[in-house]
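Trainee: First the structure, then my questions, so here it is.
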Amino acid sequence: MRVYLVIMDETDEAGVALRFAARRAARTGGSIHLLALIPRQPFVAFGGIQATIEEEARVRAEALVTSAAGSVMGDSPHPPTISVRQGEGVAVIREYLAKHPEVSALVLGAAANGGPGPLVNHFVGIAGQLPCPVYVIPGNISDADLERLG
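Residue numbering for the sequence shown follows UniProt numbering, beginning at 1 and increasing consecutively.
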């Protein structure tokens, strides 16, 4: 079974990547892994405040990825796998890929305007060293093109 790993955040391009992966999973009988990243929070001298900030970030990330999972439930024959991890994005994704050899493709969305973003820059640059292909979905791709390519 093909497994598509999508990195979820609040950007439009993450939503485009998710729609592409959902279409591919539906057509190939595959499934989707959704990974939400929680960046490390700046250190705050008071431990209670630090814990509250980190918990709020986790709750936001969990709500985001749960909502994303709900939006693709009907598209894929298998329910999405949801993960929320804290840390530096590149390191977390590389660790996830190492621990999940079933992942068939890393699906990233590129911004419609400006640069493609730090994750796309990094993973495209090392694509030959990864255990799976990297799909970069343009942020301004039309729904018709998504349907055709998915």
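Every residue gets a Cβ at the ideal spot worked out from N, C-alpha and C, and that includes glycine. Because the structure is a prediction, the values reported are computed rather than measured.
#1: Just to confirm, are residue 107 and residue 36 a CB contact at a threshold of 8 Å?
#2: Please identify the residue among 117, 147, 121, 34 whose C-alpha is closest to the C-alpha of residue 105.
#3: Between the C-alpha atoms of residue 91 and residue 82, what's the straight-line distance to the nearest angstrom?
#4: Suppose contacts are defined by Cβ-Cβ distances below 8 Å. Is residue 109 in contact with residue 87 by that definition?
#5: What are the boundary residues of the beta strand (DSSP E) that residue 138 is part of?
#6: Please indicate yes or no: does the CB of residue 66 lie closer than 7 Å to some heavy atom of the ligand ATP?
#7: What did DSSP end up calling residue 66 once you bin it into helix, strand or coil?
Mentor: So, from the listed chains and residues:
#1: no
#2: 34
#3: 18 Å
#4: no
#5: 134-138
#6: Looking at this structure, you won't find the ligand ATP or any other ligand, since it has none at all.
#7: helix
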